[in-house]
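Notes for the one structure printed next.
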Amino acid sequence: MKIGAFVARCETTKDTIRHYEQLHLIQPKKIGTYKDYGEKEFVDFQVVKEMQKMDLSLAQIQQIFCMKEKSGCGTATLIQSVLEALKKQSFALAAEEQRIKQKRVRTEHLIAKLKRIESSMQ
Numbered sequence: 100m101k102i103g104a105f106v107a108r109c110e111t112t113k114d115t116i117r118h119y120e121q122l123h124l125i126q127p128k129k130i131g132t133y134k135d136y137g138e139k140e141f142v143d144f145q146v147v148k149e150m151q152k153m154d155l156s157l158a159q160i161q162q163i164f165c166m167k168e169k170s171g172c173g174t175a176t177l178i179q180s181v182l183e184a185l186k187k188q189s190f191a192l193a194a195e196e197q198r199i200k201q202k203r204v205r206t207e208h209l210i211a212k213l214k215r216i217e218s219s220m221q
């Protein structure tokens, strides 16, 4: 199918599809002067979206796709690559969670302090 039909099926934009092509996340076949998007490209698009839901960046997804292309699906190397990307994401989320917790504790202390000041004024 041509890009217009593919964009409609994916519920996205041409710019997104072209960006994914530049990153080699979607690689349609060239037929004459146009690109032909098929089921593989649709599945690859869905995989990218699923990985983004796991908060993986396009750079990380690109690395995983590159590894998949080199070693094939389901290989130990690919699985290790995905595992490492997910571990990094988990560590980043844990650090972010800690920062948020510290902010919450500081905010709760400030609330308590302001409540004491307020009650002393009454």
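Each position in the sequence shown, counted from 1, maps to that position plus 99 in our numbering.
Yeah, the Cβ is synthetic: ideal placement off N, Cα and C, and Gly gets one too.
| query | result |
| --- | --- |
| Ignore the nearest five residues each way along the sequence and tell me which others in aspartate 143's own chain have a CB closer than 7 Å to its CB. | Leu124, Ile125 |
| Is the CB-CB distance between glutamine 188 and aspartate 135 below 8 Å? | no |
| Contact check, serine 180 vs glutamine 162 under 8 Å by CB: the rounded distance? | 7 Å |
| Using the Cα positions of proline 127 and threonine 176, report the straight-line distance between them to the nearest angstrom. | 25 Å |
| Of all the options Lys186, Thr111, Leu122, which has the alpha carbon lying nearest to the alpha carbon of glutamate 168? | Leu122 |
| Using a threshold of 8 Å, state whether the C-beta atoms of tyrosine 133 and lysine 113 are closer than that. | no |
| Along the chain, where does the alpha helix (DSSP H) containing tyrosine 133 start, and where does it finish? | Tyrosine 133 -> not in any alpha helix (DSSP H); beta strand (DSSP E) instead, spanning 133-135. |
| According to DSSP, isoleucine 130 sits in a beta bridge with which residue or residues? | Tyr133 |
| On the criterion of 16 or more Cβ atoms from any shown chain inside 10 Å, does alanine 184 qualify as buried, or is it exposed? | buried |
| How long is the line joining the alpha carbons of alanine 158 and histidine 208, rounded to whole angstroms? | 39 Å |
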